[in-house]
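Novice: Throughout the sequence shown, residue numbering follows my numbering, covering 18 to 423 in sequence. Glycine residues also receive a C-beta, built at the ideal position from the N, C-alpha and C atoms. Predicted model, so just to flag it, every value in this text is computed and none were measured. A single structure is presented below for examination.
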Amino acid sequence: MRSEQGAGPKMRRRGGWLLTLMILAGAGGAYAWQGREHAAATKPAARAPAPVPVTLAPVEQGPLAVVLGGLGTVQAYNTVQVRSRVDGEILKIGFREGQVVRKGDLLAQVDPRPYQAALDQAKAKKAQDEANVKNARADLERYTKLGDYASRQQTDTQAATVNQLTAQIAADQAAIDNATTQLSYATIQAPIDGVTGFRLIDVGNIVNAAQQTAIVTITQVEPIFVVYTAPEEQLREVTRALAAGPVPVEAWSTDAMTRLSEGRLDLVNNQVDTATGTIRLKASFANKDHALWPGLSVSTRMRTGTIPDAVTVPDDAVQHGPKGLYAFVVDDQKRAHMQPITVGRSTDGRTQVTKGLTPGQTVIWRGQSRVQEGALVAEAKPAGQEARPQEARQADNAALASSEAR
């Protein structure tokens, strides 16, 4: 009896604990279920992908200059190494290094005294011979008047003496001219207009006509030449353009960032270099601002003609793919589509499209790396990177036509 009475309270306590645990588990499950339902109700819907920011440009149609590029070197129009033509001491230097000199300007003065003395001596000799011939003519006149009183031999001898002295006077005049020339050589003058280089002779040095050291080198830079090369495949095009009229040539810095000067093609060399397959060309430039300097390396742009109605896009709009060239065309819904194209010339940042695009279409100029077929795009124009206006290019082509007409 006692064991049964003791087991009753224990069973009741155990049942109470189990009931409590069941109630707590049910409440926790209900709370978790309500949390999941609330999270599912508040989770936002997936957003559509954002448009890809790109730079757009229109497909244009208009005149496109045909420009052939090359690399060249600037050469002086004339180069003169000024040397002394007489012997003597340098008394004066009449120029500064790097000075622009004109023809006839004083460069150096050689001691003129020996040459002045030689000139004075030649003049004195001529005066002496003129006095002698005057006396000889007077004697000949007297012998002639004597008639039969003077022998024929005396008359002939006196006539020969007069002729001999007359010839001597001519020789004296030649000696005077030579002495005058030698004296003029003592004053060394600039033979051409140009720019002086380093001075190689100082005051007090002795110079002579046989020495190899020049006093100074003068280079003529107005006008100036640029000698450059072109592939032999372009020879026919260049010669045809040169036969039609002046061919404009622009000289640019080697990084193609700065235009230095404008000139025109003067000469196509008379043979092709078989080793390199190139032809040498020479263009002249007025070079009033001395932007070109002898020995300077430049890049050249030679305009051989104009394509009147070329369809063009910016150079960066042309992309290279596994199947060839293409461009991204943007439709009215701002979606990009790959369009295969065929290209021709490229000039001033514009490429001619011969097949695949029509004027008025819009293409992606920059930012293609993130664009895929059918992607939504949005135009972004960073400051300073807008497409060059078509009107500006048309103005350049009008200026080109005007220069070609001149």
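1. Report the partner residues of GLU279 according to the DSSP bridge assignment.
2. For ALA139 versus ALA207, is the C-beta spacing smaller than 8 Å?
3. According to the neighbour-count rule (16 or more other Cβ atoms, all chains shown, within 10 Å of its Cβ), is ARG253 buried or exposed?
4. For the alpha helix (DSSP H) holding ALA125, just list the boundary residues, first then last.
5. Check whether the stretch 142 to 149 and the stretch 226 to 241 touch, using three or more Cβ-Cβ pairs below 8 Å as the test.
6. Going by Cα to Cα distance, which pick from THR198, GLU77 and VAL84 is closest to PRO129?
7. Is it the case that the Cβ atoms of ALA268 and PHE242 are separated by a distance below 8 Å?
8. Residues in the same chain with beta-carbon distance under 6 Å from GLU279, minus the five sequence neighbours each way, listed in chain order, please.
9. Across which residues does DSSP place ASN180 in a beta bridge pair?
10. In angstroms with no decimal places, state the Cα-to-Cα distance between GLN151 and THR183.
11. Tell me whether GLN78 sits in a helix, a strand or coil according to DSSP, three-state version.
12. Between which two residues does the alpha helix (DSSP H) containing VAL255 stretch?
13. Buried or exposed: which applies to ASN287, given that a residue is buried once 16 or more other Cβ atoms fall within 10 Å of its Cβ?
14. Would GLN385 be called buried (16 or more neighbouring beta carbons within 10 Å of its own) or exposed?
15. Starting from the Cα of VAL71, find the closest Cα among GLY377, ASP365 and ARG352 and give me that residue.
16. State the Cα-Cα distance for the pair PRO357 and ALA344, rounded to the nearest angstrom.
17. Label ALA196 either buried or exposed according to how many other C-beta atoms from any shown protein chain fall within 10 Å of its C-beta, with 16 as the threshold for buried.
18. Quick one: what's got a C-beta closer than 6 Å to ILE223's C-beta in the same chain, skipping five residues either side?
19. Out of LYS372, ILE209, ILE218 and ALA135, which one is the CA nearest neighbour of GLN190?
20. For the beta strand (DSSP E) containing VAL335, name the first residue and the last one.
21. Classify ALA93: buried if its beta carbon has 16 or more other beta carbons within 10 angstroms, exposed otherwise.
22. Please work out which residues of its chain come closer than 7 Å, Cβ to Cβ, to ALA334, disregarding the five sequence neighbours upstream and downstream, and give them in chain order.
23. Tell me, to the nearest whole angstrom, how far the beta carbon of LEU200 is from that of GLN133; I am working on the premise that it is less than 8 Å.
24. If you run the structure through DSSP and keep just helix, strand and coil, what is SER386?
25. Among the candidates THR329, GLY366 and ALA82, whose CA atom is the shortest distance from the CA of LYS372?
26. Our contact map puts ALA247 next to ILE209 with C-beta atoms below 8 Å; I'd like the distance itself, whole angstroms only.
27. Report the rounded CA-to-CA distance for ASP156 versus ALA188, giving the unit in angstroms.
28. So, helix, strand or coil for ALA58, using DSSP?
29. Would DSSP call ILE232 helix, strand or coil?
30. Taking its Cβ as the centre, do 16 or more other Cβ atoms sit within 10 Å of ASN304, making it buried, or is it exposed?
31. Whole angstroms are fine: how far does the CA of THR323 sit from the CA of VAL83?
Specialist: The answer reads as follows:
1. According to DSSP, which records beta bridges pairwise, GLU279 is partnered with GLU267.
2. No. Outside cutoff.
3. exposed
4. Segment 123 to 127 is the beta strand (DSSP E) holding ALA125; no alpha helix (DSSP H) there.
5. no
6. The option with the nearest alpha carbon to PRO129 is THR198.
7. no
8. GLU267
9. Its beta-bridge partners do not exist; DSSP assigns none.
10. The sequence given here places Lys at residue 151; Gln does not occur at that position. In a straight line, the C-alpha of LYS151 is about 9 Å away from that of THR183.
11. strand
12. 252 to 261
13. In summary, ASN287 is exposed, with fewer than 16 beta-carbon neighbours lying within 10 Å of its beta-carbon over all protein chains present.
14. buried
15. ARG352
16. C-alpha separation (whole angstroms): 7 Å.
17. buried
18. GLU106
19. ALA135
20. Counting along the chain, VAL335 falls outside any beta strand (DSSP E), and DSSP gives it neither H nor E.
21. buried
22. ALA74, ALA344, VAL380, ILE381 and TRP382
23. The pair is a contact, with the Cβ atoms about 6 Å apart (cut-off 8 Å).
24. In the structure shown, SER386 sits in a helix (DSSP, three-state: H, G or I).
25. THR329
26. Not quite, the Cβ-Cβ distance comes to about 30 Å (not below 8 Å), so this is no contact.
27. Distance from the CA of ASP156 to the CA of ALA188, rounded to the nearest whole angstrom, comes to 23 Å.
28. Confidence at ALA58 is low in this model, with a pLDDT of 47, below 50, so its placement is unreliable and the value that follows should be read with caution. The answer is helix: DSSP assigns ALA58 an H, G or I state.
29. coil
30. buried
31. 5 Å
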